[in-house]
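Written below as structure tokens is the structure these notes are about.
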Amino acid sequence: MVGTGAYREQYRRSLEDPEAFWLEAARAVDWTRTPTIALDETRAPLYRWFPDGELNTAANALDRHVDAGRGEQDALVWDSPVTGSSAHYSYRRLRDEVATLAGALRSLGVGKGDRVVVYLPMVPEAVVAMLACARLGAVHSVVFGGFAPRELAARISDAAPKVVLTASCGIEPSRIVEYVPIVREALNLVHDDGARRPDHVVVLQRDAARADLRDGELDWNDLVASAQPAAPVPVAATDPLYVLYTSGTTGRPKGVVRDNGGHAVALAWSMAAVYDIGPGDVWWTASDVGWVVGHSYIVYAPLLVGATTVLYEGKPVGTPDAGAFWRVAAEHGVKALFTAPTALRAVKRVDPEGAEIARYDLGKLRTLFLAGERLDPQTYHWASERLGVPVIDHWWQTETGWPIAANPRGLEAMPVKPGSATVPMPGWDVRVLNQSGQEQAAGVEGAITVKLPLPPGSLPTLWGDDDRFVESYLSRYEGHYLTGDSGYLDADGYLFVMGRTDDVINVAGHRLSTGAMEAVLAAHPAVAECAVIGVRDALKGQVPRGFVVLKAGADIPEEQLRDELVAAVRAEIGPVAAFRDVAVVDALPKTRSGKILRATMRGLADGRDVVVPSTIEDPGVLDRLRSALRPAT
């Protein structure tokens, strides 16, 4: 195992004596009743953390920093190139706005344990809304702004909120998305299904497209103007803080539950130990509050440790150019940036030489963190060479809430291995298993699991359905959480996540990773992005099919590129891969969080009727891909 200092010692303690380790970590949080027990195993495998503790998450994120004399420090910086606006919120101002909105929600009957659906764009009010719910002990469920009515309706039906908080519109680089008609249609669908409708809809009016409100729809500003501030409501550490529905769900939605106590402890620990961020540091997570990354590392974690968090309403490219990220980092003095590899690849595609980087003073930037999809070595090297700072891949999921594997920069900075998420974090007992449940040797790929119990901050269950939680995550390998990802641990203990387990294909009896093939394609100097999927084949069972997006300005005949890529896979993976089919496309279908929709692509390639996920960023990409994805003959 790599690491001879602080990391190795903390990892050992977290597994050998989790009780002492996490009670010690819990000292970073202010409790209204300090826990004396870390782990409750009485309902295993439904573990609970800090069962006798009591706290308020919003008070930990805001009030305690004001009370400590740091109320005038920036808590939140909003940067919105799509509106040409920006704003700074001190800890005192943010606390006051959160308390006022909490009072407004209380006047609408929202109390401890009630649910509130938040359907907002990337505006400061989205952060205020989440924290206002937490202040009351209410449970928020954020739905990505712009989701289709049916998907919004499914989440409203499952969460049964008392109130929906929304805006008149969201602003995209090329269009305005009016939210109120979507909410109305969703509520009609909820009514048609016989589910309980929320009592109130509160609308934040935006100048780009104001909404004409109907009966039962309240104006946000009017509501808070007459509200009295609400004090923080203490809740049990095991009480839910939020429900977040996993992206791309079909049928009945799967609501990931996050508790209050374990969440606060784990995020505070990770912010210091993994990201090396503390009070007064400027931290920017370029994601969306609709995703788990936004929940954990735009809103809660940076505020829990007293940092300044940047909220960005824009895109990596097109708002206005490929230098958008570097402008924001320079203007606000960002110490560390966290985004998705796909965002970086979008920048690299438009600006392959990194000319935009040179336009800005990034002297305060110390680290670039990437997660969400595997960081291919080519993108890693591109960013490392042009930024001149450590580029750190790490790996986690909606369900886990914080990193399973990372390079703990605040604890012990470790050597980077391109393609690896580095090492398991304390509390995460990572194993790699074969189909029979036996541990794989170093370097041998298998299913990545985590031996139970999961650490604080991970999901304790699914909303309203313990049985489904056990069936979905805990039943495949007894005593283990199934991540759904495949990969391997090398001899140094570094974890390599190669892709989802369903991205392992079987070619004539040989199990091969499409992630390994993608790494070969991505190494070609003309390729900006790529995907490899397995498609049905009458002879071999499955064969790989590749799709590549070219870098801006790449000038190579398609037939030559195809021959070079096929030859490269044959050389690196071997003839057994049977890789012969690769197409050049203008874009790959992705979710709004940047994940490539490989399962959808597989379905189209196999000739199946597929449901296009509501999370898709641009449905037109699939239409343009259909000819390339037609079933092989």
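If you read the sequence shown in the UniProt record's numbering, its first letter stands for residue 1, the second for the next number, and so on.
We treat Cβ as the ideally placed atom computed from N, Cα and C, and that holds for glycine.
Residue i, enclosing beta strand (DSSP E) - first and last residue
i: M498; result: 495-500
i: P240; result: 240-245
i: L120; result: No beta strand (DSSP E) contains L120, which DSSP labels as neither H nor E.
i: V317; result: That residue, V317, is in no beta strand (DSSP E); it is neither H nor E in DSSP.
i: E529; result: 527-537
i: L433; result: 429-433
i: V305; result: Taken as a continuous stretch (DSSP letters only), V305 belongs to no beta strand (DSSP E), as it is neither H nor E.
i: E572; result: Segment 558-572 is the alpha helix (DSSP H) holding E572; no beta strand (DSSP E) there.
i: A583; result: 581-584
i: V576; result: From DSSP, V576 is part of no beta strand (DSSP E); its letter is neither H nor E.
i: S141; result: 139-142
i: T285; result: 282-285
Endpoints, the alpha helix (DSSP H) within which residue i is located
i: F325; result: 324-331
i: G446; result: Here G446 belongs to no alpha helix (DSSP H); instead the beta strand (DSSP E) covers 446-451.
i: L105; result: 91-107
i: R598; result: 598-605
i: P544; result: Not the alpha helix (DSSP H): P544 falls in the beta strand (DSSP E), residues 541-550.
i: A126; result: 124-136
i: A268; result: 261-273
i: G620; result: 619-625
i: L482; result: No alpha helix (DSSP H) holds L482; the beta strand (DSSP E) holding it covers 480-489.
i: D466; result: 466-469
i: D222; result: 220-225
i: T514; result: 514-522
CB-CB length for residue i against residue j, believed under 8 angstroms
i: D429; j: V450; result: 6 angstroms
i: R386; j: G354; result: 4 angstroms
i: K540; j: V507; result: 5 angstroms
i: R155; j: V143; result: 5 angstroms
i: G145; j: A272; result: In fact, because the Cβ distance is near 31 angstroms, the residues do not count as touching under 8 angstroms.
i: Y494; j: T400; result: Not confirmed; about 19 angstroms, so no contact.
i: A87; j: P124; result: 6 angstroms
i: L368; j: V347; result: Contact doesn't hold; Cβ gap of about 11 angstroms is too wide.
i: A447; j: S486; result: 6 angstroms
i: Q378; j: T483; result: Between T483 and Q378 the Cβ distance is about 25 angstroms, and since that is not below 8 angstroms, they are no contact.
i: A358; j: F325; result: Contact flag wrong, Cβ pair sits at about 14 angstroms.
i: residue 636; j: V350; result: Because residue 636 is not part of the residues shown, which for the chain are 1 to 633, the question remains open.
i: A129; j: L101; result: 7 angstroms
Sub-9 angstroms separation of residue i and residue j beta-carbons
i: Y89; j: D67; result: no
i: V292; j: V256; result: yes
i: L521; j: T309; result: no
i: M122; j: V289; result: yes
i: V139; j: C133; result: yes
i: V305; j: A266; result: no
i: K162; j: G137; result: no
i: T549; j: V582; result: It is Val, not Thr, that sits at residue 549 in the sequence shown. Contact flag unset, no.
i: P418; j: H381; result: yes
i: Y488; j: L452; result: no
i: L46; j: P613; result: no
i: A307; j: S270; result: no
i: Y242; j: H295; result: yes
i: L189; j: V116; result: no
i: W49; j: W22; result: yes
i: G427; j: S14; result: yes
i: A577; j: L512; result: yes
i: P403; j: A383; result: no
i: A153; j: L120; result: no
i: A322; j: L365; result: no
Near the ligand MN: residue i beta-carbon under 8 angstroms from a heavy atom
i: V621; result: Within the structure as shown, the ligand MN is missing, as the structure has no ligands at all.
Any chain D beta carbon closer than 9 angstroms to residue i
i: G487; result: Among the chains in the structure shown there is no chain D, since it carries only a single protein chain.
Quiz item: So does the stretch 227-240 actually touch the stretch 253-270, counting three or more Cβ pairs closer than 8 angstroms?
Solution: yes
Quiz item: When the Cβ atoms of the stretch 77-85 are set against those of the stretch 104-112, are three or more pairs found closer than 8 angstroms?
Solution: no
Quiz item: Are the stretch 48-68 and the stretch 463-476 touching by the rule of at least three beta carbon pairs closer than 8 angstroms?
Solution: no
Quiz prompt | 3-residue-minimum beta strand (DSSP E) runs that sit fully inside the stretch 339-417, ordered along the chain | solution = 367-370, 391-393
Self-check item: Sequence ranges, beta strand (DSSP E) only - wholly within the stretch 160-212, length at least 3
Solution: 163-167, 169-171, 176-178, 200-204
Quiz item: Looking at C-beta atoms only, is the number of pairs between the stretch 169-185 and the stretch 264-281 that lie closer than 8 angstroms three or more?
Solution: no
Quiz item: Counting only runs that start and end within the stretch 5-80, where is the alpha helix (DSSP H) found for 4 or more residues in a row?
Solution: 6-16, 18-25
Exercise. Report yes or no: do the stretch 590-605 and the stretch 523-536 share at least 3 C-beta pairs separated by less than 8 angstroms?
Key: yes
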